[in-house]
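Below is one structure, written out as structure tokens, with a few remarks after it.
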Ligand code: NDP
């Protein structure tokens, strides 16, 4: 049915590639392209092995620098994909969107654009592409991972089936897994630490309120897990959800962290290792002469190089994630609550794809988003967040592609 390019060969891309391989009725030809071709080749070989003897799409690989629009356009023109799945880093969103426009290709990503030199994310940069995508007749699907992604689809599903008016929305994200490392992040360390160390933000009564980083927290009870301390963070989907559901009076995002993780994070910050500005460093020359030279490094990028690679965490990861939406609002004039969530086992994710649960919960929705587009169910010229589309076919696929969801009606939301 369709040709796709997956950009990136990290944890999320690996899961998405497995899921694409499992759906050969939808995906016929797939190119994996990243800045290091050898990683793409290794992934394609692993897929050939995992699905040997079964019907699967035709995979190919390429090297591409996704910061370079011309290189991307050349690759897109050569391969002619129907849609590009951007599973590289948020820094590349704008260059890939620009290249999609120049080559006439549709677009999907899982995280909104962030400038490299500022730990700040908002949709304005990507929403600015709206008219150009619309005029070109191309669809761009933004934020199609779990959160953002399934969190927006859950909200759209609640609005469509269970509420006349959503008034309070709390997105709750718990990772109760244990990777048995002293400190590691579950996805790209640079992006993850930037997200957590910035100020918190929530929406209430028409305005945004800023908090100090991790200032607001409380224990929340997660299904099959129990109570876990949960911290209020700014998260990108809140921006589009309060715009698309103007009846929302308050919208917040909560994420759990263990005490050990927070202690390490505190040390990292106090040592200056979370800095994203350039510093000068006296480094040995690569020519083996023993001489040194002043070079510029970004401490957080250096830290990423010495931390465990999130792709290697899967093997000993046990426990599960639990992510959902807790919603309060009106139906037929009466107040109701609704909690919709998924629990995902790290071990099961590893067994199926070789990756841990956080990569799994992101890569599966990315594949389903591309599937929705290729089936013509989510095809709409312009730049859209996931809640702009019909949630029903996506929700159906979540159940059959490894991320089943559960509902609690009129329970205690604790919030
Ligand atoms: P990784 O760091 O594991 O993978 C990123 C991949 O992109 C790597 O293969 C990397 O190459 C490649 N890459 C980086 N820069 C370039 C470039 N300039 N050109 C080409 N390729 C490049 O990250 P994850 O897989 O953990 O995360 C992928 C995305 O998913 C991120 O944007 C992240 O923010 C998002 N995400 C979204 C979530 C959600 O729920 N919505 C949750 C978790 C993650 P190399 O291998 O050489 O480093």
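In my numbering, the protein residues as written are 1 to 415. Don't be surprised by glycine CBs; every beta carbon is placed ideally from N, CA and C.
Close-in-space but distant-in-sequence residues of the same chain around residue i (CB under 6 Å, 5 per side omitted)
i	result
residue 20	27, 30 and 367
residue 102	73
residue 189	304 and 307
residue 88	7, 8 and 66
residue 34	8, 9 and 40
residue 403	342 and 364
residue 244	387
residue 371	26
residue 55	24
residue 425	Shown here, the chain extends from 1 to 415; a query on residue 425 therefore has no answer.
Three-state class that DSSP yields for residue i in the structure shown
i	result
residue 376	coil
residue 218	strand
residue 319	coil
residue 140	strand
residue 173	strand
residue 310	helix
residue 4	strand
residue 16	helix
residue 270	helix
residue 192	helix
residue 187	coil
residue 34	strand
residue 167	strand
residue 111	coil
residue 254	strand
residue 414	coil
residue 118	coil
residue 416	With the chain represented from 1 up to 415, any question about residue 416 goes unanswered, as that position is not in the structure.
residue 51	coil
residue 302	helix
residue 133	helix
residue 203	strand
residue 11	helix
residue 400	helix
residue 290	coil
Contacts around residue i, its chain only, beta-carbon distance under 7 Å, and the 5 residues preceding and following it disregarded
i	result
residue 59	30, 32, 44 and 47
residue 318	177, 178, 346 and 347
residue 301	190
residue 218	230
residue 391	153, 156, 157 and 160
residue 125	94 and 113
residue 149	110, 143, 365 and 386
residue 169	155, 241, 248, 251, 325 and 327
residue 358	175, 186, 187 and 321
residue 344	320, 321, 357, 360, 361 and 403
residue 272	299
residue 16	6, 85, 87, 363, 366 and 367
residue 283	292, 293 and 295
Check whether residue i and residue j have beta carbons under 8 Å apart
i	j	result
residue 99	residue 133	no
residue 11	residue 397	no
residue 405	residue 316	no
residue 326	residue 172	yes
residue 81	residue 199	no
residue 249	residue 204	yes
residue 321	residue 353	no
residue 63	residue 42	no
residue 340	residue 324	yes
residue 253	residue 232	yes
residue 1	residue 377	no
residue 356	residue 186	yes
residue 163	residue 330	yes
residue 194	residue 276	yes
residue 201	residue 208	yes
Closest by C-alpha distance to residue i, when choosing among the options
i	options	result
residue 139	297, 225, 230 and 389	389
residue 120	234, 243, 223 and 261	234
residue 264	373, 196, 399 and 328	196
residue 261	350, 369 and 182	182
residue 165	344, 401 and 334	334
residue 278	384, 356 and 296	296
residue 147	371, 25, 238 and 208	238
residue 68	91, 52 and 54	91
residue 411	25, 337 and 290	337
residue 314	351, 285, 115 and 284	351
residue 408	394, 223, 395 and 273	223
residue 384	127, 369 and 246	127
residue 53	79, 225 and 22	22
Residue-level contact to chain C via CB, residue i, 8 Å cutoff
i	result
residue 121	Among the protein chains of the structure shown there is no chain C, as only one such chain exists.
8 Å CB neighbourhood of residue i in its chain, flanking five on each side removed
i	result
residue 136	101, 104 and 381
residue 184	307, 308, 310 and 313
List, from N- to C-terminal side, the beta strand (DSSP E) runs of 3 residues or more that fit wholly inside the segment 62 to 86. 83 to 86
Which full runs of the alpha helix (DSSP H) of 4+ residues lie inside the segment 318 to 372, going along the chain? 346 to 353
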